[in-house]
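Before any comments, here is the structure.
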Amino acid sequence: MENTVQYSARILSSLEKVFIDQKPEGGFPGARGAEFTALRNETFSFQVSYTCDGRVCPFGTVRVESPIREYCRIREVRYVPSVRPVNPEFDDHYLRTQPGLYPDLLTELLEAPVSAGQTSGGQVSGGQTSGSPAETGGQVQFWANKQKSLWIDVEIPADGMTGTFPIAVIFSSKEGEEWCRAETTLSIGRTVLKPQKLIHTEWFHGDCLADYYGVPVFSERHWEIMEAFIRTAAERGCNMILTPQFTPPLDTAPGGERTTIQLVDVKVLPDGSYEFGFDRLKRWVEMCQGCGMTYFEMSHLFTQWGAAHAPKIMAEKDGKLQQIFGWDDPAAGGSYTEFLGSYLPQLTKKLKEWGIAEVTRFHISDEPRKEHLTSYKAAKESVAGYLEGFVIMDAISDLEICREGGIDCPVCANNHIAPFLEAGVKPLWGYYCTSQCVDVSNRFMAMPSARNRIFGIQAFLYELEGFLHWGYNFYNSQFSVRRLNPYCTNDADGAFPSGDPFLVYPGKDGKPEESIRLMVLSHMMQDVRAMEQLAEQKGREFVVSLIEDGLEERITFGRYPKSAEWILKVRNRVNEELEAL
């Protein structure tokens with residue numbers, strides 16, 4: 042008797058995560074898809090899960106058929122190994138808590154067909170694939186009795202078509218026999234989504250790119266790679282870039298060091314004075330602006346965890362390049378203070394000449410605690426006179442320290458933000474990282490995507506000026522003790538939950554490969570843009586009431602609806618109201 046393989050495919054929202062061994066239970070809006078709506082000038086995404094029965098793992102093809110096919114891009118969701126999916130403390134709002142394979146990496150489909158005898162796919166590739174990618178179709182492989190999924194982006198231009206359009210995702214044999222299909226519809230409104238106002242930074246680590254790709258820092262190849270990664274960040278809703286005026290003193294073991302990445306040239310003159318070169322910094326600014334960045338945050342002027350020391354600074358001295366400041370130098374009161382007195386006036390003059398002074402922020406030290414208050418204040422006071430008129434922003438989770446430290450723009454962890462809100466602190470930013478693992482929003486791989494996206498609604502409700510995260514592409518272990526392959530290790534060598542250190546993978550040819558988490562984060566930023574646009578027309582109170590309609594309690598950063606369906610319905614209602622204007 043012939044063994045007939047049964048194929049199946051199903052439409053899912055972008056907020057589902059499909060695990061290899063679990064049939065997806067969600068699927069809003071299901072096969073009907075009538076609730077899929079979007080606006081012009083945004084990227085809408087959905088997924089298709091697919092599987093087959095039997096004992097074979099056949100190769101086939103997939104394609105999109107739709108009047109808006111030209112807007113569509115298909116990628117495969119790949120599974121990556123997670124050794125540390127959660128912290129020791131966690132709540133019940135995780136998908137899984139045990140080590141295993143987690144869906145995260147988005148890779149391009151290959152256009153070229155493969156032979157039936159080729160080794161089965163699905164392994165993490167490290168970006169090393171062959172063939173050419175296909176935007177709206179390509180090759181796929183079914184895994185017998187296992188779940189896989191495709192990620193479909195609908196990239197709608199500002200002058201794109203409007204109306205309700207069918208979208209069919211069709212799976213076929215290489216010979217053209219249709220195996221199965223999944224169908225939905227997408228309604229694209231006439232409203233054009235306006236540019237983003239919320240300031241968003243994901244800390245960029247250019248040294249990690251030089252290390253991973255094995256290229257010299259600031260070689261032409263390094264500039265090309267950095268530009269590709271920065272452009273992707275800007276396309277996905279980041280509009281501020283961490284700028285390494287000197288090697289950022291972040292996640293570095295005391296006494297240790299990271300690969301030098303210093304944009305500003307320093308020369309020590311025979312009389313002990315300093316000469317500075319800003320050509321590389323200017324090139325950086327122009328490159329980032331060309332990629333779509335608007336705001337610049339200068340790397341921290343003092344070390345992390347207390348502002349006790351100077352960052353690593355390299356200079357030409359006595360005819361050779363050598364380190365002139367670092368862990369052996371106190372933050373304030375010594376020769377480093379004299380150095381900053383020479384450097385900062387020249388830097389700020391350049392920022393004004395280039396027209397970016399008003400969009401540039403400065404950092405003193407990351408997340409000072411009570412025991413660091415004296416050293417933090419001394420460090421800040423040593424530079425305050427040179428930074429008059431500039432905003433100083435730092436991660437801080439204690440309102441008392443914020444006030445005593447005189448931080449202009451606190452960036453508060455979302456699990457400690459309530460006192461700042463109650464005190465009416467403005468401007469106010471939010472952030473999360475490894476420690477924000479109970480009750481609040483975050484982006485760990487083990488969390489449902491709705492827990493990532495909800496932050497946009499919270500940011501709107503509480504009128505945050507910005508959002509910060511420390512890891513756009515951190516590919517080191519904790520404290521930068523060693524370099525890692527992010528395709529194999531995504532938890533900083535077991536230090537943080539998987540997904541905390543980075544949002545993009547270093548793909549082949551120096552191009553980033555995106556993650557589910559980055560795409561969901563970009564959708565979050567689009568939500569904020571849509572809510573802000575509606576508020577401009579009908580007032581904030583109207584939008585707040587729309588969001589909270591039917592809820593028994595007001596949304597906070599630790600209490601919010603957990604349902605993916607709820608988030609999508611809120612966004613659809615915002616879209617409907619914008620269309621009705």
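If you read the sequence shown in the numbering used here, its first letter stands for residue 42, the second for the next number, and so on.
Each residue gets a CB set at the ideal place from its N, CA and C atoms; glycine is no exception.
These numbers come from a predicted model, not from an experiment.
DSSP three-state assignment for residue i, whether helix, strand or coil
i: residue 413; result: helix
i: residue 377; result: helix
i: residue 283; result: strand
i: residue 45; result: coil
i: residue 496; result: helix
i: residue 545; result: strand
i: residue 350; result: strand
i: residue 104; result: strand
i: residue 73; result: Confidence at residue 73 is low in this model, with a pLDDT of 39, below 50, so its placement is unreliable and the value that follows should be read with caution. Correct three-state label for residue 73: coil.
i: residue 393; result: helix
i: residue 470; result: strand
i: residue 258; result: coil
i: residue 123; result: strand
i: residue 162; result: Residue placement at residue 162 is poorly supported in this model, since its pLDDT is 36, which falls under 50; the coordinates are not used for a value here.
i: residue 432; result: strand
i: residue 445; result: helix
i: residue 54; result: strand
i: residue 60; result: coil
i: residue 402; result: strand
Residue closest to residue i, alpha-carbon to alpha-carbon, out of the options
i: residue 492; options: 477, 96, 349 and 529; result: 477
i: residue 377; options: 421, 403 and 63; result: 421
i: residue 538; options: 368, 303 and 126; result: 126
i: residue 507; options: 347, 122 and 570; result: 570
i: residue 206; options: 558, 412 and 113; result: 113
i: residue 343; options: 591, 215 and 405; result: 405
i: residue 427; options: 389, 411 and 464; result: 389
i: residue 51; options: 221, 459 and 144; result: 221
i: residue 103; options: 365, 179, 546 and 415; result: 179
i: residue 119; options: 183, 401 and 96; result: 183
i: residue 310; options: 348, 338 and 365; result: 365
i: residue 228; options: 195, 217, 252 and 250; result: 195
i: residue 528; options: 546, 512 and 511; result: 546
i: residue 541; options: 259, 523, 519 and 386; result: 519
i: residue 314; options: 509, 61, 357 and 238; result: 357
i: residue 334; options: 268, 383 and 384; result: 268
i: residue 515; options: 48, 394 and 299; result: 299
i: residue 553; options: 93, 578 and 513; result: 513
Where the alpha helix (DSSP H) containing residue i begins and where it ends
i: residue 213; result: Residue 213 -> not in any alpha helix (DSSP H); beta strand (DSSP E) instead, spanning 204–213.
i: residue 608; result: 605–621
i: residue 247; result: 247–254
i: residue 559; result: 557–579
i: residue 230; result: Looking at the DSSP string, residue 230 is not in any alpha helix (DSSP H); the run it does join, the beta strand (DSSP E), is 219–233.
Range of the contiguous beta strand (DSSP E) that encloses residue i
i: residue 193; result: 189–197
i: residue 597; result: Element bounds for residue 597: n/a, residue is neither H nor E.
i: residue 339; result: 336–339
i: residue 460; result: Residue 460 -> not in any beta strand (DSSP E); alpha helix (DSSP H) instead, spanning 459–463.
i: residue 362; result: 361–366
i: residue 452; result: 450–454
Under 8 Å between C-beta atoms of residue i and residue j
i: residue 85; j: residue 225; result: no
i: residue 468; j: residue 453; result: no
i: residue 424; j: residue 381; result: yes
i: residue 246; j: residue 256; result: no
i: residue 555; j: residue 147; result: yes
i: residue 301; j: residue 288; result: yes
i: residue 505; j: residue 243; result: no
i: residue 575; j: residue 615; result: yes
i: residue 254; j: residue 551; result: yes
i: residue 110; j: residue 191; result: no
i: residue 560; j: residue 497; result: no
i: residue 456; j: residue 432; result: no
i: residue 367; j: residue 620; result: no
i: residue 150; j: residue 58; result: no
i: residue 440; j: residue 409; result: no
Paired residues, beta bridge with residue i - DSSP
i: residue 300; result: Looking at the DSSP assignment, residue 300 forms no beta bridge with any residue, so it has no partner.
i: residue 529; result: Answer is none; residue 529 lacks a bridge partner.
i: residue 85; result: 195
i: residue 306; result: 318
i: residue 185; result: 93
i: residue 116; result: 149 and 192
i: residue 382; result: Paired residues: none, contrary to the question.
i: residue 143; result: 121
i: residue 553; result: 547
Any non-hydrogen atom of the ligand COA closer than 7 Å to residue i Cβ
i: residue 62; result: Ligands are entirely absent from the displayed structure, and the ligand COA is therefore not among its contents.
Proximity test, Cβ basis, 8 Å: residue i and chain B
i: residue 390; result: No chain B is present in this structure, which holds just one protein chain.
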